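In order, the protein sequence lines correspond to chains A and B. Numbering of the first sequence is given in our numbering, commencing with residue 10 and proceeding in unit increments. Numbering of the second sequence is given in our numbering, commencing with residue 17 and proceeding in unit increments.
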Amino acid sequence: MNEQRTRQHLETEELERVAMQEGTLPAPRREHLDGCARCRRELASLEELHVALSGLPYHAPSPGFADAVMSRVDLAKPWYVQLLTRNWTPVAGVSAGALALAAIGFWTWLFTRGGVALESVLSVAAEWARTALWDLVVGAGRILVDTGIGPTAVEAAQSLTPGAAAAILAVLAVLGTLASVTVFKLMELPVPALGSARRS
Amino acid sequence: MDYEAQTDEELAQLCEGGDERAARELVSRFERPLFSLIRRTVRDQELAEDLAQEAFVRAFNHLDSFDPSYQFSSWLFKIGHNLAIDHVRKKGLDTVSIEGAPDAVSQERQEATSITLEARGERPDEVAEARALGDEIEEAIGELRPEYRTAVMLRHIEGHSYREIAEIMDTPLGTVKTYIHRARGELQDRLAHLRPEGSEA
Chain A
10 MNEQRTRQHL
20 ETEELERVAM
30 QEGTLPAPRR
40 EHLDGCARCR
50 RELASLEELH
60 VALSGLPYHA
70 PSPGFADAVM
80 SRVDLAKPWY
90 VQLLTRNWTP
100 VAGVSAGALA
110 LAAIGFWTWL
120 FTRGGVALES
130 VLSVAAEWAR
140 TALWDLVVGA
150 GRILVDTGIG
160 PTAVEAAQSL
170 TPGAAAAILA
180 VLAVLGTLAS
190 VTVFKLMELP
200 VPALGSARRS
Chain B
17 MDYEAQTDEE
27 LAQLCEGGDE
37 RAARELVSRF
47 ERPLFSLIRR
57 TVRDQELAED
67 LAQEAFVRAF
77 NHLDSFDPSY
87 QFSSWLFKIG
97 HNLAIDHVRK
107 KGLDTVSIEG
117 APDAVSQERQ
127 EATSITLEAR
137 GERPDEVAEA
147 RALGDEIEEA
157 IGELRPEYRT
167 AVMLRHIEGH
177 SYREIAEIMD
187 TPLGTVKTYI
197 HRARGELQDR
207 LAHLRPEGSE
217 A
């Protein structure tokens, strides 16, 4: 069998593999090549052609090619990517300016009325914040109790088998991981200022 | 992010997420190979530029249909090849001169459908440019049938495997082997006069 393989002339694919340096020949084929003038001639001819073709330089398009392509490309961006990658600086600037003006105006109005002490203003504001937070917590608890969601959830949790509880925890863990990965992926998105053209 | 370190397929996925820099990197990597392939197929600088541009635009605007398990370069070359070959066929039909039907695998069929385009219709400045470059190999390639040209360039210049070339050209593997074999034979004949005296190869 080996002897027969040694006698056979090389196939085009075998010659090509050697000429294009894509691999080596098994020993019997190499042996045949070394001793066969016809195969060596074919290999030399193929190598010559490959060198000529692979050495051809690339043609270059005009310098504005990349820009012309990019001006016509409509890269589809999901809404959350558009939201995260849009330039928020003007919006943030205008909002901060408006807020500052409103605060200065309010402060001026408050103190030009007279008889208003800074301590009393801060004390009232703190009381408002405390009350609002407490109302929020109490309100949320009341919704849970009044709608029956709270007691039902407690009952459901008590009736869970350890396996079901573990399954739910696993699902929550997977969802949590996916959420974290999504956040990290979004953080990797390019900042608009860095996304400007890099000439090829 | 280091865009230059990303693979073509990773860049394609970034493009799908709307990343313009990834798209620029892909254009930078493939503008010359794709443009050269198309230019050598249609043999017209301006037209090749339009077609190469169109190929990139189509690729980027239809990234949702790109299968990441497939090579991005093969996909891009396939789009470019289709555009170029469509043009060559249309041109052939308009002028009743087609360089053989693309599916002609038998000698009779090839001869029945073959008319050589050669350099006919090329502007004198293009001819002068080719002469100035002294590039007889380019001329020899230009004289091949468009399908042979594409197949042999994808094999010897781009280094694609036969299977990849078959996918790019949407042609059976056996036909691709035939194209490349015939193209090489024709090129070796046309370039024989360049061999040194006394060379047997």
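Beta carbons are placed, not taken as given, at the ideal position from N, Cα and C, and that holds for glycine. Owing to the predicted nature of the structure, the values given are computational and were not obtained by experimental measurement.
If the criterion is Cβ atoms closer than 8 Å, does the pair residue i and residue j meet it?
i      : j      : result
B/Y178 : B/V192 : yes
B/F76  : B/A100 : no
B/I153 : A/A53  : no
B/A64  : B/L92  : no
B/V104 : B/P162 : yes
B/L42  : B/A28  : yes
B/R206 : A/L58  : no
A/F74  : B/Q69  : yes
B/I173 : B/K94  : no
A/L84  : B/G158 : no
B/E180 : B/Q87  : yes
A/M79  : B/E36  : yes
B/V220 : A/V82  : Here chain B has residues from 17 to 217 only, and residue 220 of chain B is not among them.
B/A156 : B/L79  : no
A/H68  : B/R165 : no
A/L93  : A/L195 : yes
For a contact defined as C-beta to C-beta under 8 Å, what are the partners of residue i on chain B?
i     : result
A/H18 : Result: empty, since nearest Cβ-Cβ is about 15 Å, beyond 8 Å.
Measure the beta-carbon distance from residue i to residue j and round it to whole angstroms, keeping in mind my assumption that it falls under 8 Å.
i      : j      : result
B/G96  : B/L53  : 6 Å
B/F51  : A/P70  : 5 Å
A/E22  : A/L55  : So it is not a contact: roughly 11 Å between Cβ atoms.
A/L119 : A/V130 : 7 Å
A/R50  : A/L42  : About 11 Å separates the two Cβ atoms, so there is no contact after all.
A/R38  : A/L19  : 6 Å
B/D24  : B/S81  : In fact, because the Cβ distance is near 16 Å, the residues do not count as touching under 8 Å.
Quick one: what does DSSP say residue i is sitting in, helix, strand or coil?
i      : result
A/P70  : coil
A/V125 : coil
A/S189 : helix
B/R125 : For B/R125, the predicted structure reports a pLDDT of 43, less than 50, and the residue's modelled location is therefore unreliable. A value from the coordinates is still provided. Correct three-state label for B/R125: helix.
B/H78  : coil
B/M185 : helix
A/N96  : coil
A/G32  : coil
A/R139 : helix
A/R151 : helix
B/R161 : coil
B/G33  : coil
B/Q204 : helix
A/L19  : coil
B/L27  : helix
A/E25  : helix
B/D66  : helix
A/V133 : helix
A/D83  : coil
Along chain B, in chain order, which residues have C-beta atoms closer than 9 Å to that of residue i?
i     : result
A/P99 : Here the premise fails: no neighbours, minimum Cβ distance about 20 Å.
A/D83 : V73, F76, N77
Under DSSP, the alpha helix (DSSP H) around residue i begins and ends at which residues?
i      : result
B/I173 : Premise fails: B/I173 is in no alpha helix (DSSP H) and is neither H nor E.
B/E152 : 152-158
B/F51  : 36-58
A/S168 : 158-168
B/Q87  : Looking at the DSSP string, B/Q87 is not in any alpha helix (DSSP H), and its letter there is neither H nor E.
A/G58  : First, the amino acid is wrong: residue 58 of chain A is Leu here, not Gly. Note, A/L58: alpha helix (DSSP H), 46-63.
B/A21  : Element bounds for B/A21: n/a, residue is neither H nor E.
Give me the chain A residues within the contact set of residue i, using Cβ-Cβ distance strictly less than 7 Å, ordered along the chain.
i      : result
B/S89  : Neighbours of B/S89 on chain A: none; closest Cβ ~14 Å, over 7 Å.
B/L160 : Neighbours of B/L160 on chain A: none; closest Cβ ~12 Å, over 7 Å.
B/V58  : Within chain A, no residue comes near B/V58; the closest Cβ sits about 11 Å away, beyond 7 Å.
B/S52  : Y67, H68
B/L92  : Near B/L92 there are no residues of chain A at all, since even the closest Cβ is about 12 Å away, more than 7 Å.
B/R55  : H68
Could you work out which residues of chain A lie near residue i, taking near to mean beta carbons separated by less than 8 Å?
i      : result
B/P49  : Y67
B/V43  : F74, A75, V78, M79, S209
B/R200 : L55, L58
B/A68  : P70, F74
B/H172 : M29, L58, H59, L62, S63
B/I153 : A61, L62, L65
Who are the neighbours of residue i on chain B, taking C-beta pairs under 7 Å?
i     : result
A/T21 : H197
Counting only Cβ pairs nearer than 9 Å, list the residues of chain A close to residue i.
i     : result
B/A39 : V78, M79, V82, L84
B/E65 : P70, S71, F74, A77
B/L27 : Within chain A, no residue comes near B/L27; the closest Cβ sits about 12 Å away, beyond 9 Å.
Short of 7 Å Cβ to Cβ, which residues in the region 57-81 of chain A face chain C? Any reference to chain C falls outside this structure, whose protein chains are A and B.
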